[in-house]
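Undergrad: The numbers in full-length UniProt numbering rise by one with no breaks, and the one at position 214 of the sequence shown is 214.
No residue lacks a Cβ here, since even glycine has one placed at the ideal position from N, Cα and C.
All values derive from a computational prediction rather than experimental measurement.
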Amino acid sequence: MKTIHLAVFPADGIGPEVIAASRQVLRKLEQLHAGVRFECREFDWSSAYYHQTGAMMPPDGLQQLEAGGFDAILMGPVGSPTIPDHITLWGLLLAIRQGFDQYVNLRPMRLLPGVASPLRNAAQHPINMVCVRENSEGEYAGVGGRVHQGKAREVALQTTVFTRSITERVMRFAFDYAQQHGHQLVTNVTKSNSMQYNMVFWDEVFEQVAAQYPAQATDQQLVDSMTARMVSQPETVELFVASNLFGDILSDLGAALTGSMGLAPSANLNPERQYPSLFQAIHGSAFSLVGKNVANPIASIWSVQLMLAFLGETELAAQLMVAIETVLREQRVRTPDLGGRNSTTDMTEAVCQALEAASAPARPR
Ligand code: IPM
Ligand code: MN
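#1: How would you write the range of the alpha helix (DSSP H) that M75 sits in, first residue to last?
#2: Could you say which of I282, T236, E272 lies nearest to D252 if we only look at CA atoms?
#3: DSSP three-state label for I4, please.
#4: To which residues of the same chain is G79 closer than 8 Å at the C-beta, ignoring the five residues directly before and after it?
#5: I believe R329 touches N342 by the beta-carbon criterion, under 8 Å. Please report the beta-carbon distance rounded to the nearest angstrom.
#6: So, using beta-carbon positions, are F287 and P10 closer together than 8 Å?
#7: Going along the chain, which residues of its own chain have a beta-carbon closer than 6 Å to the beta-carbon of P297, five neighbours each way excluded?
#8: Give a yes or no on contact between the region 259 to 269 and the region 154 to 163, applying the rule of three or more CB pairs nearer than 8 Å.
#9: Using beta-carbon positions only, say whether A295 and V327 come within less than 8 Å of one another.
#10: Measure the alpha-carbon distance for A323 versus S117 and round it to whole angstroms.
#11: Is R329 helix, strand or coil when you go by DSSP?
#12: Between which two residues does the alpha helix (DSSP H) carrying E313 extend?
#13: Can you find the residues in the same chain that come closer than 7 Å, C-beta to C-beta, to R133, ignoring five residues on each side of it along the sequence?
#14: Could you check which residue in Q319, F43, I4 has the C-alpha nearest to that of G35?
#15: Measure from the alpha carbon of M321 to the alpha carbon of each residue in W302, L92, A211, then state which is nearest.
#16: I need the boundaries of the beta strand (DSSP E) containing P108, first residue and last residue.
#17: Let me confirm a value: A360 is counted as buried when at least 16 other C-beta atoms fall within 10 Å, else exposed. Which label applies?
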């Protein structure tokens, strides 16, 4: 019996609904596979917790999480209309990304059969892209300050920080991942035409790491024209590596191109597994949908799938992906974001049913 220890954060907005859906899928996996157990410890750190305590997590929150010996963290969206976003995000999600050295944010963007893309010609252009986003520094380093607030001479600085060690590690991750998953082309997303220090440095590190992978084809794209390429020629994009902010923006574009924000998953990885990695849908807390049982749980469930793959549960990950693909392809059950009228619960049950079929041992002929 293998036990996987999970820290689970329902967090904000529709988070409790999509996390409950994800936990239902975990229970179904346990039923279908006698050899694996998911031991979940739920944490109530969230915007509601902030309203009670004045902080998003206890002062020793990261230590508590580290001491818990968790294999991974499963988190709902963070953010509330009643608290400024930079307070909630720096108080929880961004603190964990930095504190746990989760320097890769892996975001697959794949248009699955049965899902409509807003691109007219999507049928001729398969969309299957992977974003490897630097996740712990860059534009989100959290370095800066403000002086003379409210005065005419006010100054606000948000300093972008790139370090060689992290830049190198994220590039190496991108190349290794491309190699392992058979991506023919690795694209460096940059803006070195205008940013002559950090982005020229970024390109240099990319070239240096690329030289260690001579068989890997690469190209380079300025981030502004990358948006156009992703829309006009998405079939030419396979795996790209981008800075924190650029990757953030491009992955929302990718999510929209692949049908719905309600589908897009993410993995905040500490690839060395020195700290637990964090898995989360990339959508927001969507307060307008709260309590209506209409949120699409797939983004969170697909994040669970990324978690299983990262933890080396290859078979479970493969079966869960088949289940997600089956539900979307069949289109019998669709939440409103996909043009249907089904509920979060319907969608979750459909995934669980498809999982039963995907896990059934092949019948002897
Ligand atoms: C994401 C989110 C976060 C980010 C926000 C909520 C800070 O948009 O995971 O993409 O910008 O990284
Ligand atoms: Mn984002």
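TA: Looking at the atomic coordinates:
#1: Your numbering for residue 75 matches position 75 in the sequence shown. For M75, there is no enclosing alpha helix (DSSP H); the enclosing beta strand (DSSP E) covers residues 72 to 75.
#2: Position 252 of the sequence shown, counting from 1, holds the residue named residue 252. Among I282, T236, E272, the Cα nearest to that of D252 is on I282.
#3: The residue labelled residue 4 in the question sits at position 4 within the sequence shown. Reduced to three states, the DSSP call for I4 is strand.
#4: On the sequence shown, position 79 is the one that residue 79 refers to. Cβ within range, chain order: D12, G13, S47, D85, T88, L89, G284, S285.
#5: Residue 329 sits at position 329 when you count from the first residue of the sequence shown. Residue 342 sits at position 342 when you count from the first residue of the sequence shown. In fact, because the Cβ distance is near 15 Å, the residues do not count as touching under 8 Å.
#6: Walking along the sequence shown from the start, residue 287 turns up at place 287. Walking along the sequence shown from the start, residue 10 turns up at place 10. Against a cut-off of 8 Å, the Cβ pair of P10 and F287 comes out as no contact.
#7: Your numbering for residue 297 matches position 297 in the sequence shown. Taking C-beta separations shorter than 6 Å and ignoring five residues to either side along the sequence, the partners of P297 in its chain run V18, A21, T344, M347, T348, following chain order.
#8: no
#9: Here residue 295 corresponds to residue number 295 of the sequence shown, with the count starting at 1. Here residue 327 corresponds to residue number 327 of the sequence shown, with the count starting at 1. Not closer than 8 Å, so no.
#10: Here residue 323 corresponds to residue number 323 of the sequence shown, with the count starting at 1. Here residue 117 corresponds to residue number 117 of the sequence shown, with the count starting at 1. Taking the straight line from one Cα to the other gives about 20 Å.
#11: On the sequence shown, residue 329 is found 329 positions in, with the first residue counted as 1. It is helical.
#12: Counting from 1 along the sequence shown, the entry for residue 313 is found at position 313. Neither: E313 is in no alpha helix (DSSP H) and is coded neither H nor E.
#13: Here residue 133 refers to the residue found at position 133 when the sequence shown is read from its first residue. For R133, where only same-chain residues beyond five positions count, the Cβ hits under 7 Å are N105, R107, A242, N244, G247, D248, S251.
#14: Within the sequence shown, residue 35 is the residue found at index 35, counting from 1. Of the listed residues, the one whose Cα sits closest to G35 is I4.
#15: The residue given as residue 321 occupies position 321 in the sequence shown. Minimum Cα distance to M321 is reached at W302.
#16: What you label residue 108 is simply residue 108 of the sequence shown in a count that begins at 1. Start and end: 104 to 110.
#17: As a first step, residue 360 must be located in the sequence shown, where it is residue number 360. Under this definition A360 is an exposed residue.
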